[in-house]
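Take the sequence shown: its letter number 135 is residue 135 in the numbering used here, and every next letter is one higher.
A virtual CB, placed ideally from N, CA and C, is assigned to each residue, including glycine.
Below: one structure, written as C-alpha cells.
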Amino acid sequence: MRSLIFCLFLCGVVSAKADINDIDKINPNAPKETQQFEPLLGQWAITDFNLTADGRWQKGQGADWHWYTIFDGHAIQDDWIAPALNQDIPDSERQFGTNIRIFNPKENHWELAWMSKKRTAAEYLHGQYDKQRDCNARHFFR
C-alpha cells in the first residue's frame with residue numbers, strides 16, 4: 001500500500017512540474033475572451049483600503065493575490081491570501097480563498113466560482129466584460 005501511494009504521489013508531482021511552466025499562458029484554442037484576464041496573470045502584493053461607517057478610508061492588512069491559468073490554459077484561477085504571507089500571524093487568522101473563471105461561449109458570459117476556507121459553500125457568479133466602464137484605461141466587468 002505504501003509503495004502504491006508513493007508512486008501516485010510521485011507521478012502527481014512529475015505531472016504538476018510539467019504543467020507549472022504554462023500557468024501564465026492562455027491556450028490559443030481557448031475562447032478569445034480568456035485573454036481579457038491575461039494582464040492579471042502573475043503574483044500581486046495588494047495594498048487595500050476599507051471605507052468605514054463614518055466615510056473615512058482605513059488601510060487594510062494587505063494581501064497576496066496569485067493569478068494563473070488552469071485547464072490547459074482555458075480558464076483562470078486566482079488565490080487570495082489575506083493578510084499577506086509576509087506578515088507573521090498564524091494561518092488560522094488568514095483568509096484563504098480561490099476563484100475559478102471560465103468563459104461560456106454559448107451564454108456569452110464568464111462563469112465564476114468563489115470558495116474560501118471560512119465558507120461552507122461555493123458562490124457562483126456570472127458576468128460580461130464591459131468596455132464602456134473604463135477607469136484609467138482599465139475595463140471592468142458588470
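Check	Outcome
Strand pairing of Ile102, partner residues [DSSP]	Ala75, Glu111
Close-in-space but distant-in-sequence residues of the same chain around His126 (CB under 8 Å, 5 per side omitted)	Asn104, Glu107, His109, Trp110, Glu111, Leu112
Per DSSP, the bridge partner or partners of Asn50	Gln58
Ile76 versus Ile102, Asp91, Arg119, residue with shortest Cα-Cα distance	Ile102
Rounded separation between Ala45 and Thr52 - CA only	23 Å
Unbroken beta strand (DSSP E) run spanning Ala63, endpoints	63-70
Among Asp79, Gln87, Trp57, nearest to His66 - alpha-carbon criterion	Asp79
According to DSSP, residues forming a beta bridge with Ala45	Asp64
Beta-carbon proximity check, Ile23 vs Leu41, cutoff 9 Å	yes
Beta bridge counterpart(s) of Phe96 as assigned by DSSP	Ile81
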